[in-house]
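Participant: Can you keep this structure in mind? I'll have questions shortly.
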Amino acid sequence: KNEVEQSPQNLTAQEGEFITINCSYSVGISALHWLQQHPGGGIVSLFMLSSGKKKHGRLIATINIQEKHSSLHITASHPRDSAVYICAVSEGGGADGLTFGKGTHLIIQP
Amino acid sequence: DAGITQSPRYKITETGRQVTLMCHQTWSHSYMFWYRQDLGHGLRLIYYSAAADITDKGEVPDGYVVSRSKTENFPLTLESATRSQTSVYFCASRGTHLAGELFFGEGSRLTVL
């Protein structure tokens, strides 16, 4: 079973700061997902990636397959970015779902 | 409306009662999943289904039953609810690609008294 570790567990930053959330996993994967969950809300998929880098607006996700590591960056952070960010990996070998990290709780203060 | 919907969104029940959480998706996705989310544990897979009439256990299946008679529906039943099943439950679906994007429902918050 893949072990997915996220860091930091909690992060508080000021509006405008550059944010980095890290995710590492123990076993080779077919894809890595970054998810966002606002307080009391549902879960939204931000990125799915298997190599390289993806960008969507102020969000950037990178993955290093050799190092089994991914990062999620938020540029020019805003209070509306406050949420839990969850890393999840898919080993793709069967019909099962994902192995999830425990999430990073991000608070952006105005 | 297109998407994945769960019902009820909130449910309070008593120990020993049977509870069914419904999940419906309109994309004809092959794969559907039920997860529970608890503080300190993150999301854990309860059951999943690769297609209609095909279901299998996940990480924490005890006390739960699922069925999938139609592709679009994947109900989760707690046959005799226990306090430890108080949680937020998320249904999700994915297309046929093994590493495809996952789509989540809004969640069902269940409290067992």
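Chain order of the listed sequences is W and U.
To convert, note that position 27 of the first sequence is 27 in the working numbering; the numbers rise steadily by one, no gaps.
Going from the second sequence to the working numbering is simple: count from 1 and add 110.
In this text, a Cβ means the ideal position worked out from N, Cα and C, and glycines have one as well.
Going by C-alpha to C-alpha distance, which of W:H56, W:G16, W:L32 sits closest to W:I63?
Facilitator: Among W:H56, W:G16, W:L32, the Cα nearest to that of W:I63 is on W:L32.
Participant: Please compile the residues from chain W whose C-beta is within a distance smaller than 8 angstroms of the C-beta of U:E216.
Facilitator: The answer, in chain order, is G41, G42.
Participant: Since I believe W:T104 is in contact with W:V84 (beta carbons under 8 angstroms), could you give me their beta-carbon distance rounded to a whole number of angstroms?
Facilitator: 7 angstroms between Cβ atoms; contact.
Participant: To the nearest angstrom, how far is it from the Cα of W:I74 to the Cα of W:T20?
Facilitator: Distance between the alpha carbons of W:I74 and W:T20 is about 7 angstroms.
Participant: Within 10 angstroms of its Cβ, does W:A76 collect 16 or more other Cβ (buried), or is it exposed?
Facilitator: Its Cβ having fewer than 16 others within 10 Å, W:A76 is exposed.
Participant: Using only CA atoms, which one of W:P39, W:L46, W:E15 lies nearest to W:S71?
Facilitator: Of the candidates W:P39, W:L46, W:E15, the one whose C-alpha sits nearest the C-alpha of W:S71 is W:L46.
Participant: Report the rounded CA-to-CA distance for W:N10 versus W:L106, giving the unit in angstroms.
Facilitator: Approximately 6 angstroms, taken between the alpha carbons.
Participant: Does the beta-carbon distance from U:T130 to U:V222 come in below 8 angstroms?
Facilitator: No, the pair does not count as a contact, with Cβ atoms beyond the cut-off.
Participant: Using three-state DSSP, classify W:Q66 as helix, strand or coil.
Facilitator: DSSP places W:Q66 in coil when its eight states are reduced to three.
Participant: What is the C-beta distance between U:L155 and U:G168, in whole angstroms, given that I count them as a contact (C-beta under 8 angstroms)?
Facilitator: That belief holds up - the Cβ atoms of U:L155 and U:G168 are roughly 3 angstroms apart, short of 8 angstroms.
Participant: Check the Cβ-Cβ distances between W:A24 and every residue of chain U, and say whether any is below 8 angstroms.
Facilitator: Ala is not the amino acid found at residue 24 of chain W; the sequence shown has Ser there. With 8 angstroms as the cut-off, W:S24 does not count as an interface residue toward chain U.
Participant: Kindly indicate the opening and closing residues of the beta strand (DSSP E) around W:I29.
Facilitator: It is not in any beta strand (DSSP E) - W:I29 carries neither H nor E in the DSSP assignment.
Participant: How big is the Cα-Cα spacing for U:Q128 and W:A13?
Facilitator: Cα-Cα distance, rounded: 44 angstroms.
Participant: Given that a residue counts as buried once 16 or more other Cβ atoms are within 10 Å of its Cβ, and exposed if not, what is U:V176?
Facilitator: So U:V176 counts as buried.
Participant: When the Cα atoms are used, what is the spatial distance from U:R119 to U:T196?
Facilitator: Using only the alpha carbons, I get a separation of about 13 angstroms.
Participant: Applying a beta-carbon distance threshold of less than 8 angstroms, which residues of chain W neighbour U:E211?
Facilitator: Result: H33, S45, M48.
Participant: With DSSP collapsed to three states, give me the class of W:R80.
Facilitator: Correct three-state label for W:R80: helix.
Participant: Rounded to the nearest angstrom, what separates U:C201 and W:Q109 at their Cα positions?
Facilitator: Distance between the alpha carbons of U:C201 and W:Q109 is about 32 angstroms.
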